[in-house]
Structure formats: structure tokens, C-alpha cells
Amino acid sequence: VQLQASGGGSVQAGESLRLSCSVSESIFTFDAMGWYRQAPGKERDLVAIISNGGVIINYDDSVKGRFTISSDIPKNTVYLQMNSLKPEDTAVYYCHARQSSLDYWGKGTLVTVSS
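Listed below in C-alpha cells is the structure:
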């Protein structure tokens, strides 16, 4: 299984970005998919998660109301729409997939938000 994240970049505070995670097989086969982020010197934390079929969606409190996770099953892609970005959102963002007890990670994409 390969996960390819893209869409990161450098933006000003208040602007938006959309991250994409392209998966090498049908995302319908995964129990859940999500986005994590890791800021310099900090641990990797969950940002948003979506269950198979999109029945359950959860967000970290710090991004609620600003970020939206979604999936496009025919395109095997999961998105993270990030609005009203803040400098504290600066981090490397990683796509994650869980299948039974297996975890899959993609290479990260850097998001830098300047004030």
C-alpha cells in the first residue's frame, strides 16, 4: 500500500490549502483514514480522521470549524481542506490509513503558515 500526500506549501495566516492523499488501492478497504501533523520538536498528533464510508469523522479541537476531511472513493483519494490557517498549523502533515491492525503512512507534506 502506498500513500502519496501533496498540496502543502507556504501561505499567510488566514489563507487556505487543500491537502490530497492518493492511495494505491481502494480506500474502501481501509477501516479509517486520517491526517496527522508533526511540528518541529513535537510529537505527531492526529488532526482529522474519517471512517470507512465517512460515517464517523473526528477532528482535533484545535482545527474544528476550520479543517474538513473528506474522501473520494472512485479517485482513491482523501482530502484535508484547511481554511483560516494559523501560524500554529505549521507542521509536516502525514496521511495515514488503518487496515485491521496494520498502519500505513505516506511521506509528509510541509505546510508553513506565516503571520
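Just so we're aligned: the sequence shown equals residues 64 to 178 in this note's numbering. Glycine included, C-beta positions come from ideal geometry on N, C-alpha and C. Predicted model, so just to flag it, every value in this text is computed and none were measured.
Closest by C-alpha distance to residue i, when choosing among the options
| i | options | result |
| --- | --- | --- |
| residue 123 | 152, 116, 70, 136 | 152 |
| residue 129 | 86, 73, 72, 81 | 81 |
| residue 66 | 149, 144, 178, 139 | 139 |
For residue j and residue i, believed in contact at Cβ under 8 Å, the rounded distance
| i | j | result |
| --- | --- | --- |
| residue 119 | residue 98 | Their Cβ separation, rounded to whole angstroms, is 15 Å, which puts residue 119 and residue 98 out of contact at 8 Å. |
| residue 68 | residue 84 | 5 Å |
| residue 161 | residue 93 | 6 Å |
Residue environment, residue i, which counts as buried when at least 16 other CB atoms sit within 10 Å
| i | result |
| --- | --- |
| residue 64 | exposed |
| residue 136 | exposed |
| residue 77 | exposed |
| residue 169 | buried |
Rounded straight-line distance, which links the Cα of residue j to that of residue i
| i | j | result |
| --- | --- | --- |
| residue 159 | residue 175 | 20 Å |
| residue 154 | residue 110 | 11 Å |
| residue 147 | residue 105 | 22 Å |
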